[in-house]
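Everything on this sheet refers to the single structure shown next.
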Amino acid sequence: MSEDITVREAAALLQGWDRILILTHQYPDGDTLGSGFALCRGLQLLGKTARVECSDRIPEKYDYLFEDYQQPEFEPHVICAVDVADPRLLGDKLSVYADRVELCIDHHGSNTGYARRRLLDAGSAATAELILELLREWGVRPDRMIAECLYTGIATDTGCFKYSNTTSATHRAAAELMDIGIRAELINRTMFDVKSRPRVELERLALDSMRFYFGGRCAVMFITNEMVKKAAAGENDMEGLAPIPRQIEGVWVGVTLREKADGTYKVSVRTGTHADASAICAVLGGGGHVRAAGCTLEGSDEQAAAQMLEAIRRTVPGIA
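Residues 1 to 320 in the working numbering are what the sequence shown spells out, letter by letter.
Structure below.
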């Protein structure tokens, strides 16, 4: 199990290391990418050699995170993971590093403690908040690019400050980053408003697949490989679909089942105040946050849905 350390201790460790490889999770989102590239840029400002890697192709909408970014090639001496609660989330390409992670920086209460050391704060809305604390500890004032990386992580993991994980500290961090001169309007529009035409078509097909259970308190939506093919959608078009079932009035638990290339299902669960998403997914070997969690299931779409419904029945009081 990991040794839990403080921000100050993590900052001191990172200052003493060099040739640092920063790992992000598969199906990358704004927090793992924003945290990873902000940490990398901060380390480079300290004179360290560092780079970021991801198992999956990074969606084009995050291209602004890489402006003027230097990605050096080197043999890593230290492995650091950001926003990665479980080594299985590293994906196939980065799985070779799963047993070598020296430090994990994360905000998921479900973190499995796989790294040698762990900087964990489940009360932070995003891992990006912890990276900002590290920069403060180093006395490094974020430049605009670092600030935009951090703002992206915070904004995306709070649903543009709508989710229950948003705290007063979250707003203060965002205000601090905005004072640096970030392009907040561009980031918010890019992350939350702009959709490609294939994404709109995929959303239509997914909505048509939606089914309701437990008297309308649970909504289950499917995204199959056939739908993705029909919509001519790419990986970039997938993000942001998971919250849709939970947005329906009266729904306590929203479930999105996304078929992967190998036929398994990546499950995303979103809940309101009546249910704990992490507890639901833990029944099936997954985890995450109280309001947002996930797991992976095998079998047909019907079998995967049946497993989810049974987990919900077992963990959500009053839903049956």
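Yeah, the Cβ is synthetic: ideal placement off N, Cα and C, and Gly gets one too. None of these values were measured; they are calculated from a predicted model.
Can you tell me which of the options puts its alpha carbon nearest to the alpha carbon of residue i?
{"i": "residue 89", "options": "110, 5, 71", "result": "110"}
{"i": "residue 22", "options": "46, 9, 102", "result": "102"}
{"i": "residue 306", "options": "176, 271, 212, 169", "result": "212"}
{"i": "residue 148", "options": "184, 158, 192", "result": "184"}
{"i": "residue 138", "options": "201, 12, 236, 199", "result": "12"}
{"i": "residue 95", "options": "26, 75, 119, 120", "result": "26"}
{"i": "residue 39", "options": "262, 136, 242", "result": "136"}
{"i": "residue 260", "options": "113, 222, 176, 65", "result": "222"}
{"i": "residue 132", "options": "267, 251, 82", "result": "82"}
{"i": "residue 91", "options": "29, 51, 24, 64", "result": "24"}
{"i": "residue 256", "options": "243, 248, 249", "result": "243"}
{"i": "residue 61", "options": "237, 249, 246, 181", "result": "237"}
{"i": "residue 142", "options": "37, 28, 300", "result": "37"}
{"i": "residue 250", "options": "10, 318, 216", "result": "216"}
{"i": "residue 202", "options": "186, 253, 228", "result": "228"}
{"i": "residue 121", "options": "246, 106, 113", "result": "106"}
Over what stretch of residues does the alpha helix (DSSP H) that includes residue i continue unbroken?
{"i": "residue 314", "result": "301–315"}
{"i": "residue 93", "result": "91–94"}
{"i": "residue 279", "result": "277–282"}
{"i": "residue 151", "result": "144–157"}
{"i": "residue 192", "result": "184–192"}
{"i": "residue 204", "result": "197–208"}
{"i": "residue 127", "result": "127–138"}
{"i": "residue 118", "result": "Careful: residue 118 lies outside any alpha helix (DSSP H), inside the beta strand (DSSP E) at 117–120."}
{"i": "residue 173", "result": "168–179"}
Would you tell me roughly how many angstroms separate the C-alpha atoms of residue i and residue j, rounded to the nearest one?
{"i": "residue 46", "j": "residue 167", "result": "30 Å"}
{"i": "residue 264", "j": "residue 230", "result": "19 Å"}
{"i": "residue 218", "j": "residue 296", "result": "19 Å"}
{"i": "residue 233", "j": "residue 206", "result": "12 Å"}
{"i": "residue 17", "j": "residue 170", "result": "29 Å"}
{"i": "residue 325", "j": "residue 86", "result": "Here the chain comprises residues numbered 1 to 320, so residue 325 is not present and cannot be evaluated."}
{"i": "residue 210", "j": "residue 189", "result": "27 Å"}
{"i": "residue 14", "j": "residue 129", "result": "17 Å"}
{"i": "residue 70", "j": "residue 155", "result": "25 Å"}
{"i": "residue 108", "j": "residue 31", "result": "12 Å"}
{"i": "residue 197", "j": "residue 174", "result": "31 Å"}
{"i": "residue 2", "j": "residue 48", "result": "25 Å"}
{"i": "residue 151", "j": "residue 34", "result": "8 Å"}
{"i": "residue 200", "j": "residue 266", "result": "20 Å"}
{"i": "residue 279", "j": "residue 289", "result": "9 Å"}
{"i": "residue 19", "j": "residue 77", "result": "5 Å"}
{"i": "residue 313", "j": "residue 214", "result": "9 Å"}
{"i": "residue 298", "j": "residue 165", "result": "30 Å"}
{"i": "residue 158", "j": "residue 73", "result": "33 Å"}
{"i": "residue 97", "j": "residue 79", "result": "7 Å"}
Let's see if you can read the secondary structure: which residues bound the beta strand (DSSP E) around residue i?
{"i": "residue 271", "result": "265–271"}
{"i": "residue 294", "result": "292–297"}
{"i": "residue 217", "result": "Per DSSP, residue 217 belongs to no beta strand (DSSP E) and is neither H nor E."}
Taking 7 Å as the threshold (beta carbon to beta carbon), is residue i in contact with chain C?
{"i": "residue 209", "result": "The structure shown contains no chain C; it holds only a single protein chain."}
**Message:** Is it the case that the segment 6–15 contacts the segment 51–59, given that we only count it when at least three CB pairs across the two stretches are under 8 Å?
**Reply:** Taking 8 Å as the limit for Cβ pairs, the verdict is that the segment 6–15 does not touch the segment 51–59.
**Prompt:** What are the complete alpha helix (DSSP H) segments, minimum 4 residues, inside the segment 27–66?
**Reply:** DSSP runs (the alpha helix (DSSP H)) wholly in the segment 27–66: 30–45.
**Prompt:** Are the segment 141–158 and the segment 261–280 in contact at 8 Å, needing three or more beta carbon pairs?
**Reply:** Counting Cβ pairs under 8 Å, fewer than three are found: no touch.
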